[in-house]
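Notes to accompany the following structure.
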Amino acid sequence: MSDESIENLARKLAESVPESLRSMREDLETNFRGVLRSGISKLDLVTREEFDVQEAVLARTREKLEHLETKLEELEKDL
216 MSDESIENLA RKLAESVPES LRSMREDLET NFRGVLRSGI SKLDLVTREE
266 FDVQEAVLAR TREKLEHLET KLEELEKDL
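Under this note's numbering, the sequence shown is numbered contiguously, ending at residue 294.
Set out below in structure tokens:
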């Protein structure tokens, strides 16, 4: 998650605070930002690039598996 996304989310959370707590808005926004960054850093996430690479590897593996299954079926028919 980008810093800009975290900033936007923290701002939206701070804006959703009731009027009676608006005086603490800046402190709340800072705390929200810290909590969001901390929580996100604990998640086991991969980058989009890593995901795309693994998706391509999986697609190639599926193709090979389908080819091998077809070949196996042909060999079983010959027996």
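Virtual Cβ for every residue (Gly too), placed ideally from N, Cα, C.
The continuous alpha helix (DSSP H) containing LEU290 extends over residues 263-293. In the structure shown, SER253 adopts helical secondary structure according to DSSP, grouped into three states.
ALA229 is classed as buried because its beta carbon has at least 16 other beta carbons within 10 Å across all chains shown. LEU258 and ARG277 have their C-alpha atoms roughly 29 Å apart. Nearest to SER217 by alpha-carbon distance, out of ILE255, ASN246, GLU244, is ILE255.
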